[in-house]
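Here is the structure we will look at, set down as structure tokens.
In the working numbering, the protein residues as written are 108 to 308.
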């Protein structure tokens, strides 16, 4: 990879692509960059997976969990610039990079639906409008996490006898007992734990 490096950082996965078109990805748990330690750790993990010999002059990053007004994106850009030896690093919300990658400078709308969910649209002469992208605690309606969480809730409610019977109750047994499911959900990165369960539905 030389020249330009594009990086997409989601809540459970990461992908990068250089000028040659090679895509490199790995599992990554990112919920929010709430401290300098989180930012530095993310930059180190990304840099560690850049193929050896890569000379990336310009780096663009689409980041899930991007918060307007936060210092985290600027700090991440600075850490990556140093770690990769890049001339420039730009960090933006993943919805922004997805929209630019899809329609360029033209009016359009993009919906990103993975572990989280966000919609972003822009029209000629109008301000951009973003829907959701509020994270698993306050939104992400229709995301992998949201679907998995509601499926598990319905299954556990049925097993307890306080919910409607559902085929999900039987399917949830593949994950273990209700106690096992609880421990799995509480012992891992929250969006990843429930989004793994969305195939049950």
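Backbone N, C-alpha and C fix where the C-beta goes; we use that ideal spot for every residue, glycine too. Keep in mind it's a predicted model, so treat the numbers as computed, not measured.
Our contact map puts residue i next to residue j with C-beta atoms below 8 Å; I'd like the distance itself, whole angstroms only.
{"i": "residue 117", "j": "residue 222", "result": "6 Å"}
{"i": "residue 197", "j": "residue 224", "result": "Going by Cβ atoms, the distance from residue 197 to residue 224 rounds to 24 Å, so no, they are not a contact pair."}
{"i": "residue 227", "j": "residue 202", "result": "4 Å"}
{"i": "residue 242", "j": "residue 172", "result": "7 Å"}
{"i": "residue 275", "j": "residue 262", "result": "4 Å"}
{"i": "residue 146", "j": "residue 183", "result": "5 Å"}
If you draw a straight line from the C-alpha of residue i to the C-alpha of residue j, how long is it?
{"i": "residue 290", "j": "residue 244", "result": "19 Å"}
{"i": "residue 190", "j": "residue 258", "result": "41 Å"}
{"i": "residue 170", "j": "residue 200", "result": "5 Å"}
{"i": "residue 286", "j": "residue 273", "result": "19 Å"}
{"i": "residue 260", "j": "residue 269", "result": "11 Å"}
{"i": "residue 195", "j": "residue 267", "result": "55 Å"}
{"i": "residue 152", "j": "residue 186", "result": "11 Å"}
{"i": "residue 143", "j": "residue 179", "result": "7 Å"}
{"i": "residue 256", "j": "residue 279", "result": "12 Å"}
{"i": "residue 122", "j": "residue 115", "result": "5 Å"}
{"i": "residue 252", "j": "residue 163", "result": "34 Å"}
{"i": "residue 281", "j": "residue 207", "result": "41 Å"}
{"i": "residue 271", "j": "residue 277", "result": "13 Å"}
{"i": "residue 154", "j": "residue 113", "result": "13 Å"}
{"i": "residue 174", "j": "residue 288", "result": "31 Å"}
Examine the ligand FAD and report whether any of its heavy atoms sits within less than 6 Å of the Cβ of residue i.
{"i": "residue 240", "result": "In terms of ligand content, the structure shown is empty, and the ligand FAD therefore cannot be addressed."}
Tell me whether residue i is buried or exposed, calling it buried when 16 or more other Cβ atoms sit within 10 Å of its Cβ.
{"i": "residue 158", "result": "exposed"}
{"i": "residue 192", "result": "exposed"}
{"i": "residue 125", "result": "buried"}
{"i": "residue 234", "result": "exposed"}
{"i": "residue 239", "result": "buried"}
{"i": "residue 284", "result": "exposed"}
From which residue to which residue does the beta strand (DSSP E) around residue i run?
{"i": "residue 121", "result": "120-125"}
{"i": "residue 239", "result": "236-239"}
{"i": "residue 164", "result": "162-170"}
{"i": "residue 233", "result": "Here residue 233 belongs to no beta strand (DSSP E), and DSSP marks it neither H nor E."}
{"i": "residue 225", "result": "224-229"}
Can you tell which of the options has the C-alpha that lies nearest to the C-alpha of residue i?
{"i": "residue 168", "options": "149, 213, 250", "result": "149"}
{"i": "residue 232", "options": "214, 220, 218", "result": "214"}
{"i": "residue 246", "options": "229, 220, 230, 234", "result": "220"}
{"i": "residue 165", "options": "240, 271, 211, 111", "result": "111"}
{"i": "residue 120", "options": "156, 230, 277", "result": "156"}
What first and last residue would you give for the alpha helix (DSSP H) that runs through residue i?
{"i": "residue 255", "result": "251-267"}
{"i": "residue 287", "result": "285-293"}
{"i": "residue 196", "result": "Run containing residue 196: none in the alpha helix (DSSP H); it sits in the beta strand (DSSP E), 195-200."}
{"i": "residue 146", "result": "143-155"}
{"i": "residue 277", "result": "274-279"}
Is there a C-beta anywhere in chain B that falls below 7 Å from the one on residue i?
{"i": "residue 259", "result": "Here there is only one protein chain, and chain B is not present."}
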